[in-house]
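Enquirer:
Number of protein chains: 2
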Amino acid sequence: MNYQKYVQMLKAMADPNRLKIIDLLSCGSLCACDILEHFDFSQPTLSHHMKVLQTADIVAARKEGKWQHYTLRAEFIATFKQDTARLLASDQRCVCHTNACQECVSGKAVITNEET
Amino acid sequence: MNYQKYVQMLKAMADPNRLKIIDLLSCGSLCACDILEHFDFSQPTLSHHMKVLQTADIVAARKEGKWQHYTLRAEFIATFKQDTARLLASDQRCVCHTNACQECVSGKAVITNEET
DNA sequence: TTATAATATAGATCTCTATCTATGTAAGCG
DNA sequence: CGCTTACATAGATAGAGATCTATATTATAA
Numbered sequence: 001m002n003y004q005k006y007v008q009m010l011k012a013m014a015d016p017n018r019l020k021i022i023d024l025l026s027c028g029s030l031c032a033c034d035i036l037e038h039f040d041f042s043q044p045t046l047s048h049h050m051k052v053l054q055t056a057d058i059v060a061a062r063k064e065g066k067w068q069h070y071t072l073r074a075e076f077i078a079t080f081k082q083d084t085a086r087l088l089a090s091d092q093r094c095v096c097h098t099n100a101c102q103e104c105v106s107g108k109a110v111i112t113n114e115e116t
Numbered sequence: 001m002n003y004q005k006y007v008q009m010l011k012a013m014a015d016p017n018r019l020k021i022i023d024l025l026s027c028g029s030l031c032a033c034d035i036l037e038h039f040d041f042s043q044p045t046l047s048h049h050m051k052v053l054q055t056a057d058i059v060a061a062r063k064e065g066k067w068q069h070y071t072l073r074a075e076f077i078a079t080f081k082q083d084t085a086r087l088l089a090s091d092q093r094c095v096c097h098t099n100a101c102q103e104c105v106s107g108k109a110v111i112t113n114e115e116t
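Going down the list, the protein sequences come from chains A and B.
The opening position of the first sequence corresponds to residue 1 in the UniProt record's numbering, with each subsequent residue numbered one higher.
The opening position of the second sequence corresponds to residue 1 in the UniProt record's numbering, with each subsequent residue numbered one higher.
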């Protein structure tokens with residue numbers, strides 16, 4: 001689990017406007033001008049948000065003529081779901097990834113699964 | 001899907017220290033002093049982070065003598081997983097929740113599932 | 001080539017937030 | 001009671017980030 005990458009994704013998602021952009025893109029690819037229609041902020045602000053989403057590897061861009069088409073990355077969807085599942089694993093096994101958990105070290109946590 | 005609540009959870013999680021706290025708590029309940037041992041920041045800073053996590057309904061606190069015991073809320077785990085799954089639904093159906101998606105309105109998105 | 005349309009970049013500003021020190025509160029102990 | 005321990009609150013500060021206006025870039029069309 002790539003802690004840093006997961007935090008970067010969370011940060012990129014933790015803005016209502018960017019979350020809405022991700023939601024819009026879950027319908028399929030859109031160009032910048034189409035996305036912009038759904039918001040009140042300016043075009044440079046959208047450009048900024050799209051850059052944040054690209055830097056976090058959430059969104060991919062491909063240029064076609066004058067237009068920039070944005071798409072949700074399949075790898076982001078898979079990675080984010082997987083990391084979330086691991087962080088919030090609901091089985092009894094301690095899944096702390098910090099390597100600093102006293103519970104894990106002391107064995108107080110219920111570890112029921114010996115594989116891996 | 002409660003958009004605002006989901007954003008609040010994402011914001012609370014989108015800090016490396018708070019994410020580590022969540023990870024530590026996935027091993028089971030811990031008191032503030034135990035959590036603090038895993039970090040370099042001051043006690044008031046931890047107090048601040050715990051408040052953010054409580055306000056987002058990620059963590060529950062119960063006082064026992066001098067100690068504050070913190071636990072991950074089961075409802076948070078369920079809600080966050082569910083909202084994430086809905087946002088990033090991998091089927092072909094458009095799952096945009098913004099009520100503003102032109103793709104959805106125009107029917108360009110592939111809607112394969114007619115149940116609700 | 002000139003004009004227009006789509007997008008990016010630069011720089012400024014204002015708000016939010018993570019952190020600190022200092023202090024307050026509350027519980028247990030001698 | 002006074003002391004210590006565990007935690008919260010208040011207030012200040014420094015850095016990050018969301019937004020804007022102005023301008024640059026790139027592509028197409030007339």
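Think of the CB as a built atom: it goes at the ideal place given N, C-alpha and C, for glycine as much as any other residue.
Keep in mind the model is a prediction, meaning the values are calculated, not measured.
Using the Cβ count rule (16 or more neighbours within 10 Å means buried), how would you classify B/Asp-23?
Expert: With 16 or more other Cβ atoms within 10 Å, it is buried.
Enquirer: Between which two residues does the beta strand (DSSP E) harbouring A/His-69 extend?
Expert: Counting along the chain, the beta strand (DSSP E) containing A/His-69 begins and ends at 67 to 72.
Enquirer: List the whole-angstrom C-beta distance separating B/Leu-25 from B/Leu-72, where the pair is believed to meet the contact cut-off of C-beta under 8 angstroms.
Expert: The pair is a contact, with the Cβ atoms about 5 angstroms apart (cut-off 8 angstroms).
Enquirer: Which residues share a DSSP beta bridge with B/Arg-62?
Expert: According to DSSP, which records beta bridges pairwise, B/Arg-62 is partnered with B/His-69.
Enquirer: For the alpha helix (DSSP H) that contains A/Cys-33, what are its first and last residues?
Expert: Start and end: 32 to 36.
Enquirer: Just reading off the alpha helix (DSSP H) that residue 121 of chain B is part of, what are its end residues?
Expert: Outside the displayed range of chain B (1 to 116) lies residue 121 of chain B, so it cannot be described from this structure.
Enquirer: My understanding is that B/Leu-46 touches B/Phe-39, with C-beta atoms under 8 angstroms, so please give their C-beta distance in whole angstroms.
Expert: Contact flag correct, Cβ pair sits at about 7 angstroms.
Enquirer: Buried or exposed, going by whether 16 or more other CB atoms sit within 10 Å of the CB of A/Arg-62?
Expert: Burial call: exposed.
Enquirer: A/Ala-56 by DSSP, collapsed to three states: which one?
Expert: Of the three classes helix, strand and coil, the one that applies to A/Ala-56 here is coil, per DSSP.
Enquirer: Under the rule that 16 or more other beta-carbon atoms within 10 Å means buried, what is B/Met-1, buried or exposed?
Expert: Label assigned to B/Met-1: exposed.
Enquirer: What three-state label does DSSP hand B/Gln-92 in the structure shown?
Expert: Its pLDDT being 46, under 50, B/Gln-92 is placed unreliably by the model, and nothing is read from it.
Enquirer: Just the Cα atoms here: how many angstroms apart are B/Ala-74 and A/Trp-67?
Expert: Going from the Cα of B/Ala-74 to the Cα of A/Trp-67 covers about 44 angstroms.
Enquirer: Is there a C-beta anywhere in chain B that falls below 7 angstroms from the one on A/His-69?
Expert: So no, A/His-69 is outside the interface.
Enquirer: Note the first and the last residue of the continuous alpha helix (DSSP H) segment covering A/Met-9.
Expert: 3 to 13 is the span of the alpha helix (DSSP H), which, as asked, contains A/Met-9.
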